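Here is the structure we will look at, set down as C-alpha cells.
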Amino acid sequence: MLFIEQSKKLSFKKCISDGDLNRFGAFKHVDWIGKPFGSKVFSHKGGFIYLLAPTPELWTLVLSHRTQILYIADISFVVMYLEIVPGCVVLESGTGSGSLTTSLARAVAPSGHVYTFDFHEQRAASAREDFEKTGLNNLITVGVRDIQGEGFPEEFSGKADSVFLDLPQPWLAISSVAKMLKQDGIICSFSPCIEQVQHSCETLRSCFTDIRTFEVLLRAFEVREKKLESWENVDGCSVGSASRKRRQPSAEGCNGVESSVAPSVVVRPASEARGHTGYLTFARLQCLT
Amino acid sequence: MSINKHIEQQSKSNQENNNAQNPRVTWEGCSVLLDINDGDRLAFARLTIGSALKIGNKQCPLQSLIGCAFGSLFQVENGKEGPFLSRIPSNSEGNDLQDQGDSQTVDVSKDNRALVDNNMAQSLTEVEIEELKRQGVSGSEIVGALIANSATFDKKTSFSQEKYRLKKQKKYAPRVLLRRPFARSICETYFKKNPEKIGWLRIDSLSLLLSMANVTANSDVLVVDLLGGMLTGAVAERLGGTGSVCNTHHGVSPYPIDIVRIFNFTDEICKRIVHASLSDLSVSGEHSVESNQPEDLCNATKQSNEDVVCDTSNDHSNSMEEIRITPEDEVLPEKPTSQDKQQPRKAVQAGQKATSEIMNLWRENGFSSLIVAAPNLDAWSIVKELLPLLSFSAPFAIYHQHSEPLAACMRNLQHEKMAIGLQIIEPYMREYQVLPSRTHPHMQMSAFGGYILSGIKICPFEKN
Chain A
1 MLFIEQSKKL SFKKCISDGD LNRFGAFKHV DWIGKPFGSK VFSHKGGFIY LLAPTPELWT
61 LVLSHRTQIL YIADISFVVM YLEIVPGCVV LESGTGSGSL TTSLARAVAP SGHVYTFDFH
121 EQRAASARED FEKTGLNNLI TVGVRDIQGE GFPEEFSGKA DSVFLDLPQP WLAISSVAKM
181 LKQDGIICSF SPCIEQVQHS CETLRSCFTD IRTFEVLLRA FEVREKKLES WENVDGCSVG
241 SASRKRRQPS AEGCNGVESS VAPSVVVRPA SEARGHTGYL TFARLQCLT
Chain B
1 MSINKHIEQQ SKSNQENNNA QNPRVTWEGC SVLLDINDGD RLAFARLTIG SALKIGNKQC
61 PLQSLIGCAF GSLFQVENGK EGPFLSRIPS NSEGNDLQDQ GDSQTVDVSK DNRALVDNNM
121 AQSLTEVEIE ELKRQGVSGS EIVGALIANS ATFDKKTSFS QEKYRLKKQK KYAPRVLLRR
181 PFARSICETY FKKNPEKIGW LRIDSLSLLL SMANVTANSD VLVVDLLGGM LTGAVAERLG
241 GTGSVCNTHH GVSPYPIDIV RIFNFTDEIC KRIVHASLSD LSVSGEHSVE SNQPEDLCNA
301 TKQSNEDVVC DTSNDHSNSM EEIRITPEDE VLPEKPTSQD KQQPRKAVQA GQKATSEIMN
361 LWRENGFSSL IVAAPNLDAW SIVKELLPLL SFSAPFAIYH QHSEPLAACM RNLQHEKMAI
421 GLQIIEPYMR EYQVLPSRTH PHMQMSAFGG YILSGIKICP FEKN
C-alpha cells in the first residue's frame, strides 16, 4: 500500500498526463486534477493510491538509485550539524542520486543555494533533470567536475557556509574545502569505511578543529494489537500450535475458555534494520586571525 | 555562469538583512556559547561591557570577546588586576597531540610498570605555585615548571606525557573557545548538562523531527513545545524569518520558551515565533475577534503562572538583552554580571500571541506540519486535537521518551484512518575517537535518544 502511493507522488508535480498502469489497475490522471492532496483515488479495478504532496523524505524513498544514497537519519543529522539555514551557500560532491541534495535545498531555501558536483556527466544530467521535475532547479546548480582531482571552482573561495563530501578519497579534496569555506565554516565527509575516516581525519587536522566522527542509525518498531492470555487459561496444546499456525489467539483455546482479555498494543523493534550506512566526520575551519 | 551573480546578490541581501552585522563575529549584546577546556564545561553568556564568567575560582571579564570571530580561542592569563582572557592561535590546540601520535611506534617500550602512586613525584609545592601566579607568571610557564619538577614525567609514554601536560594546562591556563549558539550547539549543550529541561531530546532526534515535519522556509509549523523553547527555536532557525512557528497550548498560559533567547535571532525571526491556545486555533473565523479580547488577561495570568511552571522569569517588558540566560544552575552557572546599562537593542520579542489575521490564515490553509514534544503528556490526547488543524498531506512528528503512548497514538490514527505512512523509530547515535592506531567508539555514549512517531495526514474519504 505504502509504496504505491509514494511512487505516484511524482506524477503530481509535472506529469499529469494520460494515466498510469500498475498492478493495482489503471489510474487516470485526469481524475486526480482538482483533488486535495492526501486524497485516496481508485483505479478501474478498485485498487487505490494516495496523492501526496512531495517532500524530500518521500523523494528519498522513490528516487531512482544511480548510486548508493543517503537516508533520512544521515541526511537530517548532516543538515543539522552543518548548521544549514535559509540563505546558506552549500557545496556538495558528489551529487550521486541527489537524495541529500534535495534536503540541502530545502534547508537553504528561499535565498540560499546548493552547488553540487559530480564527475559523472550522465549522472549529473539525470540529477539536473530530477531537480527540474521536482521544482528545485532554482535552488540547485549541478556541475560536472572531478572534485578530488581539481578541487572546487575558485569562484567559490571563501563563500561556502558548509561543504559536504561523499567521495571515495575525500582527503584529496580537503585543502580545497578549506579554501572554499567562510571563516568558522563546517565540513562534513561521509565515508562507509573506517580507513577512509582515518585518512580524512589525519588530513583535516592541518587546518580544521572540532573534528568529530559519528555513526547514526534508526531502529524501526512494529506496533500490533495482541491478546496476551492469562497463564491459567492456556494449556500445553494451545501453546504448541499457536507458534506454528496463526490461529485466533484465544477464542478457541483447547479448553474452550472464552478469552476475557482485551487486546493491548504491543511494540517491538523490527527484526531487520540497516546496520551501517557510513561514518559522518564533521570539522570546523580553524580560526586563524 | 550565474554562479557569481547569485553569490553577489546573496551576500548583498545578507548584508541588508543583518544591517552590516557579520553573523560570524561577536557584537556587544550577542549571545555566545563558551566551551571551556575542550568541552569540560559549556556555558552560555551574553557579551556586554560588564559581563564576566567564573573560570576556576576567578571571575574573567568577557568584554575582550566582543568583536572577535566565532571560533576564536582564548586563554586565561594572570594580569596585575586579576585574570583576563587573551586571544591565542587556535592551532595551538591539539597539534602536539598529533605529533606525539606519530612518534608512538618508537615509544612502545615505555609502560607504567615503574609507576608508584605515592604522591611524591611533584616537587613544586602549592605555595610555590601560588607565588608564581602572584608574580604574573603565565599559565603555560607554570605548566612548564610543573613538568620540569616532575620526577616521573620522563618515564611516561608520550601519550601519558601529553595527557599530563593537558591536565595541567586545563588547570593553570584554562582555554575558552568562542562558539556560535545554534540549534545544534544549544541542544548538545543542554543534553550534556541539563537534559531534563529539553526532555532528553538528543541532537539526532531533534534533527529527525525537523526533517520529518518538512520544516522549511515559508511553512507554518504548529508545535507543542514543552522543552523550554528548544523545539520552537530550532524550527524558527530553519524558517529563517519566513512563515511561522506557533506553539500551542491548552488553557490560558503559553509554555515558557526561554531557550529561544539564547539564539541570536533577528527581529524578523522573532516576529515569526508566536503562541496560541488550542481554543483560539479551533474556533471558527467569526469568533476570532472575540477570542482576541482576553489577551491582556491571558498575559497577566501568564506572568503569575510562569514562576510556578519554571523558575525563569519570562518578564514581558524585558527584551532580549536582559535575559538572564542563566535559569539553569548547571548549564549556566554564572550569570553575566550585566550592569543593565545597555540600551535595549531588539524591539521585537519572540513568543507573542498570534494575531487574528494570521490565525485566520491558518484556519483557511491549515498548518503545513506539526511537531509535538511533550514529555509528560499523552500523545493521542494532543494529536487528536491538532491533526484537524493541519492541511491535507501535511507531515507530522511526535517525540516521546516512552514508546507506549506513541504506539497507542499510532493505533488510534490507523483506526480513525487519519494518517498514513505511520512509523515509530528510535534514533541511534555513536561517536568515534579517530586517532592514529587508536580508533574506536567512545567508551561512554548516550544509549537513548527517545522515540519518534511520524506520518502524513490524509484527506478523509468521501464517497461521491
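Each protein sequence line maps, in turn, to chains A and B.
Going by full-length UniProt numbering, the first sequence opens with residue 1, and the numbers climb by one from there.
Going by full-length UniProt numbering, the second sequence opens with residue 1, and the numbers climb by one from there.
Glycine included, C-beta positions come from ideal geometry on N, C-alpha and C.
Just so you know, these numbers come straight off a predicted model, no measurement behind them.
Worksheet item: So which residues on chain A does Cys459(B) lean against when the C-beta distance must stay under 9 Å?
Response: In the second sequence, the residue the question calls residue 459(B) occupies position 459. Under the 9 Å cutoff, chain A gives Lys35, Pro36, Phe37, Gly38, Ser39, Lys40, Tyr50 and Leu51.
Discussion item. If we define contact as Cβ-Cβ less than 8 Å, is Asp204(B) a contact residue for chain A?
Written reply: Within the second sequence, the letter at position 204 stands for residue 204(B). It does: the Cβ of Asp204(B) has a partner Cβ on chain A nearer than 8 Å.
Discussion item. I'd like to know whether the C-beta of Tyr81(A) is nearer than 8 Å to at least one C-beta of chain B.
Written reply: Stepping through the first sequence from its first residue, residue 81(A) is reached at position 81. So yes, Tyr81(A) belongs to the interface.
Worksheet item: Nearest chain A C-beta to Met445(B) closer than 8 Å, yes or no?
Response: For the purposes of this step, residue 445(B) is identified with residue 445 of the second sequence, where counting begins at 1. Judged by the 8 Å Cβ criterion, Met445(B) is not in contact with chain A.
Practice prompt. Note down, in chain order, each residue of its chain lying with its Cβ closer than 6 Å to the Cβ of Pro192(A), except the 5 sequence neighbours on either side.
Written response: Reading the first sequence from its first residue, position 192 is the one you call residue 192(A). Around Pro192(A): Gly278.
Worksheet item: Under the DSSP definition of a beta bridge, which residues are partnered with Asn162(B)?
Response: Working through the second sequence from its first residue, we reach residue 162(B) at position 162. The sequence as given places Glu at residue 162(B); Asn does not occur at that position. None, per the DSSP bridge assignment.
Practice prompt. Taking 8 Å as the cut-off, decide whether the C-beta atoms of Leu422(B) and Gly449(B) are in contact.
Written response: Sequence index remark: in the second sequence, residue 422(B) carries index 422 (1-based). Sequence index remark: in the second sequence, residue 449(B) carries index 449 (1-based). Not in contact: Leu422(B) and Gly449(B) (Cβ atoms no closer than 8 Å).
Worksheet item: Does DSSP put Val32(B) in a helix, in a strand, or in coil?
Response: For the purposes of this step, residue 32(B) is taken as the residue at position 32 of the second sequence. Annotated three-state conformation of Val32(B) is strand, per DSSP.
Worksheet item: Taking 8 Å as the CB-CB limit, is Val163(A) close to chain B?
Response: Locating residue 163(A) in the first sequence gives position 163, where the first residue counts as 1. Chain B places no beta carbon closer than 8 Å to that of Val163(A), leaving this residue out of the contacts.
Fill in: chain B within 8 Å of Pro249(A), Cβ atoms only
For the purposes of this step, residue 249(A) is identified with residue 249 of the first sequence, where counting begins at 1. Model confidence at Pro249(A) stands at a pLDDT of 48, short of 50, so the residue's coordinates are unreliable; what they give is reported in the following sentence. So, not an interface residue.
Fill in: Alpha-carbon to alpha-carbon, Arg179(B) and Glu229(A)
Counting from 1 along the first sequence, the entry for residue 229(A) is found at position 229. Counting from 1 along the second sequence, the entry for residue 179(B) is found at position 179. For Glu229(A) and Arg179(B), the distance between alpha carbons rounds to 57 Å.
Worksheet entry | N- and C-terminal bounds of the alpha helix (DSSP H) containing Asn365(B) | Taking the second sequence and counting its residues from 1, one reaches residue 365(B) at position 365. Looking at the DSSP string, the run of the alpha helix (DSSP H) that includes Asn365(B) is Ser356 to Asn365.
Discussion item. Bridge partners for Glu276(B) per DSSP, in chain order?
Written reply: For the purposes of this step, residue 276(B) is taken as the residue at position 276 of the second sequence. In the sequence under discussion, the amino acid at residue 276(B) is Ala, which differs from the Glu named in the question. Beta-bridge pairing links Ala276(B) to Thr248(B).
Discussion item. Looking at the secondary structure, which residues open and close the beta strand (DSSP E) in which Gln196(A) lies?
Written reply: For the purposes of this step, residue 196(A) is taken as residue 196 along the first sequence, with counting starting at 1. Not the beta strand (DSSP E): Gln196(A) falls in the alpha helix (DSSP H), residues Ile194 to Leu204.
Worksheet item: Among Asp154(B), Arg202(B), Phe84(B) and Thr125(B), which one has its Cα closest to the Cα of Leu115(B)?
Response: Residue 115(B) sits at position 115 when you count from the first residue of the second sequence. Here the closest residue by C-alpha is Asp154(B).
Item to complete: Run the CB neighbour count on His275(B), radius 10 Å, all protein chains shown included, and call it buried at 16 or more, exposed below.
Response: Taking the first residue of the second sequence as 1, we reach residue 275(B) at position 275. Per the 10 Å Cβ criterion, buried.
Practice prompt. Would you tell me roughly how many angstroms separate the C-alpha atoms of Ile323(B) and Lys179(A), rounded to the nearest one?
Written response: Position 323 of the second sequence, counted from the first residue, corresponds to residue 323(B). Position 179 of the first sequence, counted from the first residue, corresponds to residue 179(A). For Ile323(B), the predicted model reports a pLDDT of 33, less than 50, meaning its position is unreliable; a value from the coordinates is still stated below. Distance between the alpha carbons of Ile323(B) and Lys179(A) is about 38 Å.
Worksheet item: Does Ala173(A) get closer than 8 Å to chain B when you measure Cβ to Cβ?
Response: Start at 1 with the first residue of the first sequence, and residue 173(A) comes out as number 173. Contact with chain B is absent for Ala173(A), since none of that chain's Cβ atoms lies less than 8 Å from the residue's Cβ.
Fill in: Short-range partners of chain A found in the region 210-239 of chain B, where Cβ spacing is below 8 Å
Leu210, Ser211, Met212, Asn214, Thr216, Ala217, Asn218, Glu237, Arg238 and Leu239
Discussion item. Within 8 Å of any Cβ in chain B, is that where the Cβ of Asp235(A) sits?
Written reply: Counting from 1 along the first sequence, the entry for residue 235(A) is found at position 235. Output row for Asp235(A): interface = no.
Discussion item. If you measure between the beta carbons of Val266(A) and Met410(B), is that distance less than 8 Å?
Written reply: Residue 266(A) sits at position 266 when you count from the first residue of the first sequence. Residue 410(B) sits at position 410 when you count from the first residue of the second sequence. Going by C-beta atoms, Val266(A) is not nearer than 8 Å to Met410(B).
Discussion item. Please identify, using Cβ separations under 8 Å, the residues of the region 64-79 of chain B that lie next to chain A, in order along the chain.
Written reply: Ala69, Phe70, Gly71, Ser72 and Leu73
Item to complete: Per DSSP, which residues does Asp118(A) bridge with? Please list them.
Response: Here residue 118(A) corresponds to residue number 118 of the first sequence, with the count starting at 1. Partner(s): Val144(A).
Item to complete: Pick helix, strand or coil for His65(A), following the three-state DSSP scheme.
Response: Taking the first residue of the first sequence as 1, we reach residue 65(A) at position 65. Here His65(A) sits in coil by DSSP.
Worksheet entry | Assigned secondary structure, Ile259(B) (DSSP; H/G/I helix, E/B strand, else coil) | Residue numbering aside, residue 259(B) sits at position 259 when the second sequence is read from its first letter. It is helical.
Worksheet item: When Cβ atoms are compared, which residues of the region 406-430 of chain B fall closer than 7 Å to chain A?
Response: Residues of the region 406-430 of chain B with a C-beta atom less than 7 Å from some C-beta of chain A are Ala407, Ala408, Met410, Arg411, Ile420, Gly421, Gln423, Ile424, Ile425, Glu426, Pro427, Tyr428, Met429 and Arg430, listed in chain order.
Discussion item. Against chain A, does Val434(B) count as a neighbour if the rule is that its beta carbon must be under 8 Å from one of theirs?
Written reply: Looking up residue 434(B) in the second sequence gives position 434. Yes, contact with chain A.
Worksheet item: Using a C-beta cutoff of 8 Å, does Phe392(B) count as contacting chain A?
Response: For the purposes of this step, residue 392(B) is taken as residue 392 along the second sequence, with counting starting at 1. Chain A, which has a Cβ nearer than 8 Å to the Cβ of Phe392(B), makes this yes.
Worksheet item: Are the region 207-220 of chain A and the region 274-288 of chain A touching, with three or more C-beta to C-beta distances below 8 Å?
Response: yes
Practice prompt. Examine chain A for any beta-carbon lying closer than 8 Å to the beta-carbon of Arg272(B), and answer yes or no.
Written response: Against the second sequence, residue 272(B) aligns to sequence position 272. No, no contact with chain A.
Worksheet item: Rounded to a whole number of angstroms, what is the C-alpha to C-alpha distance between Cys30(B) and Val143(B)?
Response: Along the second sequence, read from residue 1 onward, the residue named residue 30(B) stands at position 30. Along the second sequence, read from residue 1 onward, the residue named residue 143(B) stands at position 143. Spanning the two alpha carbons is a distance of roughly 34 Å.
Practice prompt. Compare the C-alpha of Ala26(A) against each of His44(A), Ser39(A), Pro36(A) and Gly143(A) and name the closest.
Written response: Here the question's residue 26(A) lines up with position 26 in the first sequence. Closest in alpha carbon position to Ala26(A), among His44(A), Ser39(A), Pro36(A) and Gly143(A), is His44(A).
Practice prompt. Rank Ser126(A), Glu225(A), Lys159(A) and Asp74(A) by C-alpha distance to the C-alpha of Tyr115(A) and give the top, closest one.
Written response: Reading the first sequence from its first residue, position 115 is the one you call residue 115(A). When each option's Cα is compared against that of Tyr115(A), the closest is Lys159(A).
Worksheet item: Which residue spans inside the region 392-456 of chain B form an unbroken beta strand (DSSP E) run of at least 3?
Response: 395-400 and 419-433
Discussion item. With a threshold of 8 Å between beta-carbons, can Ala183(B) be considered close to chain D, or not?
Written reply: Among the protein chains of the structure shown, namely A and B, there is no chain D.
Worksheet item: Which residues of chain B have a Cβ atom closer than 8 Å to the Cβ of Lys182(A), listed in chain order?
Response: The count along the first sequence starts at 1 and reaches residue 182(A) at position 182. Arg24, listed in chain order.
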